[in-house]
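Asks:
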Amino acid sequence: MTQRKVRVRFAPSPTGALHIGGVRTALYNYLFARHHGGELILRIEDTDSTRFVPGAEEYIAESFEWLGIPFDESPQKGGKYGPYRQSERRDIYRKYAAQLLENGKAYIAFDTPEELEAKRKEIPNFQYDAQTRGEMRNSLSLGEEETRRRIENGEKYVVRFKVEPGEEVHVHDLIRGDVVINSTVLDDKVLYKSADDLPTYHLANIVDDHLMEVSHVIRGEEWLPSAPLHVLLYRALGWEGTMPEFAHLPLLLKPDGKGKLSKRDGDRMGFPVFPLAWTDPKTGEQSLGFRERGYLPDAVVNFLALLGWNPGDDREILSREELCDLFDLGRCNKSGAKFDFKKCIWVNHEYILKMSNAEAARLLAPELEAEGIHEPMERVERVAGLMKGRVDFIKELVPLCRFFFVAPDSYDEKTRLKRWKEYSARQMQELKEVLAGLDDFSMENQEKAVMEWIESKEYKTGDVMNAFRLALVGQGIGPHMFEITDVLGKEETLARLQKAIDTLG
Ligand code: GLU
């Protein structure tokens, strides 16, 4: 068999913020497409008008822009298989609904929601299928004439798929193997509704996968129950030969136990489950976003890639190129993946560690500016380089780095009690003179001169350095003292020493 061109799609419904599980699905499609030199489509499945949420499509587009996951074809970008919004493809679906009716693979049904509800009450586990369809109000039970009359009278109807019972339906899943289901358990799903002239998810999804020449359907496990119906629909439409391969990804589980990861877990444990912050336009409910929390897009991608897949060894930090290179559906897990958000924080830390100082400075500068600290990039870069290893998020650098740019206006009381002795002012005065006497204020030279002075006076290095730190930083934290003075420069160092002597006495 000749290999088909790889074309995959991410097909979200714009019903609100995109859950992180959806992001993982899109990412796996992206990695799969890149690995095989194929194409990635973004298709907006907006046929359920009752669930449509304004702003959701824009949110989706912005999320992937932030994550650096580009689509080859999308509503924004276009493409030769468009339109890529299902609400703009009504004519197409209408035609296939008609084809199924003509071939006897589907039928028209008039049952109102109230009637269906009554049936459900009357018969426990009621299902609209081969057993029950005869008792319902549809073209099979009413006959052609009556059906036509009702439609002409403007009665609303739906088109239902006619599932033939007693057949073993095989879904070949690239992650799960052969999944077999007996068609008797399937119900006659609604494919189309005349009321809004729109198809349901099942029909639109199949028609578009076919017309867009999708080769692989990679999606969340929650869609596995729909797959047998999709196989039957492909067949009923005469497209069996171009049926895509299926891969259903494992569920994302709560960090602390069994069960599906939910927004509530995030709220409870303090981590986001959405890529970007989101305010629901209807309820006003707010959700945290990875972006606003300060996660780096590359770190999120790396973390998500390993939720349900592994590279075959125990590597946990992989570049995008490595991910594209190694990604393979064969190494996806069947069982659910625990959403270990602490791991995500660790990955973020690792990405900050390995990023260049210039890049760290580029991200830190706006955070500093927001605090009213405007500094030349060169200095920010220097400081970022010294401090970035200490944090999980760039934002956290702001309070830690503040003293480099702004002289302390007070001294931490606890540190003062412990570190500032009665002789500290005298020692700092001497230290100030030693430093003032240096023409070469390089780190090495400072260190040499200060150490010689300490030795000659037989002072305790710890005593001197602790007081020195308190004077320059205002607290007992920070990197090596001479790295600090090197960034501060001679004038500022001497000024801070003087101020500490005057203030702390
Ligand atoms: N519209 C469905 C969703 O919201 C698509 C499922 C699929 O990929 O077939 O996830």
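Everything in the sequence shown is counted per numbering that gives the first Met the number 0, starting at 0 for the first residue and increasing by one.
For each residue, glycine too, the CB sits at the ideal point set by N, CA and C.
1. Contact between the stretch 359-369 and the stretch 315-323 is defined here as three or more beta-carbon pairs at a separation below 8 Å; is this criterion met?
2. Within 10 angstroms of the Cβ of E374, are there 16 or more other Cβ atoms? Answer buried if so, exposed if not.
3. Alpha carbons only, please: which of Y29, S73 and E490 is nearest the one belonging to H215?
4. Check whether the stretch 380-395 and the stretch 421-439 are in contact - that is, three or more C-beta pairs closer than 8 Å.
5. Can you give the Cα-Cα distance for S182 and G77, rounded to whole angstroms?
6. In its own chain, which residues sit with a C-beta less than 8 Å from the C-beta of I180, not counting the 5 before and 5 after it?
7. On a CA-only basis, which of K456, L295, V382 and D501 is nearest D485? Give me that one, please.
8. Taking only the alpha-carbon atoms, compute the straight-line gap between M0 and G37 and give it to the nearest angstrom.
9. Going by the beta-carbon positions, is the gap between K161 and A96 smaller than 8 Å?
10. For G507 versus C331, is the C-beta spacing smaller than 8 Å?
11. Going by C-alpha to C-alpha distance, which of L303, S286, G237 and K281 sits closest to L251?
12. So, for K262: in the same chain, excluding its five sequence neighbours on each side, which residues have a beta-carbon less than 7 Å away from its beta-carbon?
13. Please tell me whether, using a cut-off of 7 Å, the distance from the CB of R23 to the nearest non-hydrogen atom of the ligand GLU is below it.
14. Does DSSP classify E144 as helix, strand or coil?
15. Which residue's Cα is closest to the Cα of A466: V379, F245, Y233 and D411?
16. Looking at the structure shown, is F326 part of a helix, part of a strand, or coil, going by DSSP?
17. Mind checking who F338 pairs with in its DSSP beta bridge?
18. Would you list the residues whose beta-carbon is nearer than 7 Å to any heavy atom of the ligand GLU, in the order they occur in the chain?
19. Among the residues of its own chain, which have a CB less than 8 Å from the CB of P82, if the five just before and after it don't count?
20. On the DSSP letters alone, give me the boundaries of the alpha helix (DSSP H) that A470 sits inside.
21. Suppose you measure from the CA of D266 to the CA of E284; what does that come to, to the nearest Å?
22. Per DSSP, what kind of secondary structure is P198 in: helix, strand or coil?
23. Give the DSSP bridge partners of W308, in chain order.
24. Suppose the cutoff is 7 Å on Cβ atoms and the five residues either side in sequence are ignored; what does the same chain contact list for L305 look like?
Replies: The relevant details are as follows:
1. no
2. As a first step, residue 374 is located in the sequence shown; it is residue number 375 there, counting from the start. It counts as buried.
3. In the sequence shown, the residue the question calls residue 215 occupies position 216. If we check each option's Cα against that of H215, Y29 comes out closest.
4. no
5. In the sequence shown, counting from the first residue as 1, residue 182 sits at position 183. In the sequence shown, counting from the first residue as 1, residue 77 sits at position 78. Cα to Cα, the separation comes out at about 38 Å.
6. Mapped onto the sequence shown, residue 180 falls at position 181. These residues qualify, in order along the chain: E167, V168, V170 and P227.
7. Position 486 of the sequence shown, counted from the first residue, corresponds to residue 485. Nearest option by C-alpha distance: V382.
8. Position 1 of the sequence shown, counted from the start, is the residue given in the question as residue 0. Position 38 of the sequence shown, counted from the start, is the residue given in the question as residue 37. Bear in mind that a pLDDT of 48 at M0, under 50, signals an unreliable position, so the number given afterwards is only what the model happens to contain. Between M0 and G37, the C-alpha separation is close to 18 Å.
9. What you label residue 161 is simply residue 162 of the sequence shown in a count that begins at 1. What you label residue 96 is simply residue 97 of the sequence shown in a count that begins at 1. No; because the gap between Cβ atoms is not below 8 Å, this pair is not in contact.
10. Given a span of 0 to 504 for the chain in the structure shown, any question on residue 507 remains unanswerable.
11. As a position in the sequence shown, residue 251 is number 252, starting the count at 1. Of the candidates L303, S286, G237 and K281, the one whose C-alpha sits nearest the C-alpha of L251 is L303.
12. If you number the sequence shown from 1, residue 262 lands on position 263. Excluding residues within five positions, the ones whose Cβ falls inside 7 Å are V272 and S286.
13. Your numbering for residue 23 matches position 24 in the sequence shown. No.
14. Within the sequence shown, residue 144 is the residue found at index 145, counting from 1. Looking at E144 - three-state DSSP - the assignment turns out to be helix.
15. On the sequence shown, position 467 is the one that residue 466 refers to. The option with the nearest alpha carbon to A466 is D411.
16. Looking up residue 326 in the sequence shown gives position 327. Coil, per DSSP.
17. On the sequence shown, residue 338 is found 339 positions in, with the first residue counted as 1. Its beta-bridge partners do not exist; DSSP assigns none.
18. A10, P11, S12, G21, E44, Y200, N204, V216, R218, G219 and W222
19. Here residue 82 corresponds to residue number 83 of the sequence shown, with the count starting at 1. Hits under 8 Å: P74 and R88.
20. The residue given as residue 470 occupies position 471 in the sequence shown. Segment T460 to V472, the alpha helix (DSSP H) holding A470.
21. Position 267 of the sequence shown, counted from the start, is the residue given in the question as residue 266. Position 285 of the sequence shown, counted from the start, is the residue given in the question as residue 284. Distance between the alpha carbons of D266 and E284 is about 12 Å.
22. Within the sequence shown, the letter at position 199 stands for residue 198. Of the three classes helix, strand and coil, the one that applies to P198 here is strand, per DSSP.
23. Here residue 308 refers to the residue found at position 309 of the sequence shown. The partner list for W308 (beta bridge, DSSP) reads C331.
24. Looking up residue 305 in the sequence shown gives position 306. Cβ neighbours of L305 beyond the five flanking positions: E315.
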